[in-house]
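FYI, the numbering for the sequence shown is 8 to 359, going by my numbering.
Built from N, CA and C at the ideal position, the CB exists for glycine as well.
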Amino acid sequence: MKTSFGNRFATTLQQQWQKGGVLSTLLTPLSWLAHLFVASKNFRYKHNLSPSYRPPCPVIIVGNIYVGGTGKTPLSIALVRALQEKGFTPGVISRGYGVDIGKEPRCAYGENARAELVGDEPSLIARHAPVCVHPQRQLAIEKLLKQWPETNIIISDDGLQHLKLQRDIEIIVQDNRQTGNGKLLPAGPLREPESRLKQVDFIITNLKDGSLAHFKSRFSHEIAMSLEPVSVTQVATGKTISVQQFKNENAHKKIVAIAGIGQPGRFFSTLRQIALPLAQELPFPDHYAYSAQDFKAIDADLVVMTSKDASKCSTLSDPRLWYVNVEPRFSNPRFFDLIEEKIRLLPLYSSN
């Protein structure tokens, strides 16, 4: 009964975070208090009344103001790869949500990075660049630079509100929900006021339907992003094939899709857009810890999931499990060039 009530309450709150309503109105006084807290915090750091940390190399923040998942991790991975292609040596820091980090930062790099060690999203990013996680970003950066001293640029996956860390470039990632009803938590979904959108270097809007051609930006520094499936990988073997080959080889099989992410509906919608025939769509809680028993209960020839889900299934030998690899596409194809131009103009980069 409590679970049912809790689910209904959460659903109602999510709806009113978008369109407003009685519950949102009742919670508005608490949002005013949140507004005062945010304003006070910003004032303290802006006027150097609270100490902050300046790393010895440039910092790019990839964050959001809408609570929950908006598509930051695919962008962070794409940014890492783009910077590497342009001759930079990036390292990544994160808080490490869902993992008990302890006093010392944890670091990972390579294909064997484990979600239970550094967290779901950091384990994915660590396949492409060194990652260190800790709630205190300064400690994470110091250990990252000690372990990989060749690092000449830091990407903070999340941490937009972590003002203790000085930064050079800020990127906000939002999805089709944008700023919802425009209110701060708990009456609305925002961690900071909408005015924050005008202060950052780039706004990346992660489109649900992928229609880049029809996107109309609200800001001059807003760019649309679409996550397009490019291949499918078998969890147990690492075998990777194109989406079209996967569809051709499994046209008559029973395929079930699962997703334990912040917005599972987005993943299911993506699969429908590529015309993958699904017998069932099963949403799981965000950061869900899968076990072999979960998949024994699924009646399917194949189970398709996100790469984030797959990061927690690496020890499973079930040959039915596959995950979808996505690549971001942007309404402005020069997005990464614009990032590079900003970096090379930074005094901190020029002095390194």
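Can you give me the C-alpha to C-alpha distance between residue i and residue j, rounded to a whole angstrom?
{"i": "Y52", "j": "P58", "result": "7 Å"}
{"i": "K171", "j": "T35", "result": "28 Å"}
{"i": "K319", "j": "N119", "result": "12 Å"}
{"i": "K260", "j": "F253", "result": "11 Å"}
{"i": "K48", "j": "Q145", "result": "18 Å"}
{"i": "P156", "j": "Q22", "result": "47 Å"}
{"i": "V311", "j": "L283", "result": "10 Å"}
{"i": "L352", "j": "R174", "result": "14 Å"}
{"i": "P65", "j": "S101", "result": "16 Å"}
{"i": "A231", "j": "P326", "result": "36 Å"}
{"i": "N54", "j": "G78", "result": "Checking the sequence, you will find His at residue 54 rather than Asn. Each residue's alpha carbon lies about 32 Å from the other."}
{"i": "L219", "j": "P340", "result": "11 Å"}
{"i": "S202", "j": "T32", "result": "21 Å"}
{"i": "I84", "j": "E199", "result": "25 Å"}
{"i": "R279", "j": "I148", "result": "40 Å"}
{"i": "P112", "j": "V106", "result": "11 Å"}
For residue i, count neighbouring C-beta atoms within 10 Å of its own C-beta (all shown protein chains included) and say buried if the count is 16 or more, exposed if not.
{"i": "N71", "result": "buried"}
{"i": "N183", "result": "exposed"}
{"i": "W329", "result": "buried"}
{"i": "N255", "result": "exposed"}
{"i": "V237", "result": "exposed"}
{"i": "Q181", "result": "buried"}
{"i": "W24", "result": "buried"}
{"i": "G187", "result": "buried"}
{"i": "P271", "result": "buried"}
{"i": "H141", "result": "buried"}
So residue i is in the alpha helix (DSSP H); what residue range does that whole segment cover?
{"i": "E92", "result": "K79 to E92"}
{"i": "N49", "result": "V29 to K53"}
{"i": "Q181", "result": "Taken as a continuous stretch (DSSP letters only), Q181 belongs to no alpha helix (DSSP H), being part of the beta strand (DSSP E) at I176 to D182."}
{"i": "E256", "result": "V250 to E256"}
{"i": "Q300", "result": "A299 to K303"}
So residue i and residue j are in contact, right, with Cβ under 8 Å, and what is the actual spacing, rounded?
{"i": "S276", "j": "K215", "result": "6 Å"}
{"i": "K349", "j": "D208", "result": "7 Å"}
{"i": "A264", "j": "E235", "result": "With 8 Å as the limit, A264 and E235 do not qualify as a contact, their Cβ atoms being about 17 Å apart."}
Starting from residue i and walking both ways along the beta strand (DSSP E), at which residues does that stretch end?
{"i": "A115", "result": "R113 to A115"}
{"i": "D164", "result": "I160 to D164"}
{"i": "T240", "result": "E229 to Q241"}
{"i": "A264", "result": "I262 to A266"}
{"i": "F275", "result": "From DSSP, F275 is part of no beta strand (DSSP E) but of the alpha helix (DSSP H) over P271 to Q280."}
{"i": "I67", "result": "V66 to G70"}
Please state whether DSSP places residue i in a helix, a strand or coil.
{"i": "I132", "result": "helix"}
{"i": "L20", "result": "helix"}
{"i": "I346", "result": "helix"}
{"i": "A122", "result": "helix"}
{"i": "M8", "result": "At M8, the pLDDT of 41 sits below 50, so the modelled position is not reliable and the matter cannot be decided from this model."}
{"i": "Q154", "result": "helix"}
{"i": "F209", "result": "strand"}
{"i": "F95", "result": "coil"}
{"i": "E288", "result": "strand"}
{"i": "R341", "result": "coil"}
{"i": "S314", "result": "helix"}
{"i": "R203", "result": "helix"}
Give a yes or no on whether 8 Å exceeds the smallest Cβ distance from residue i to chain C.
{"i": "I67", "result": "No chain C appears in this structure, which consists of one protein chain only."}
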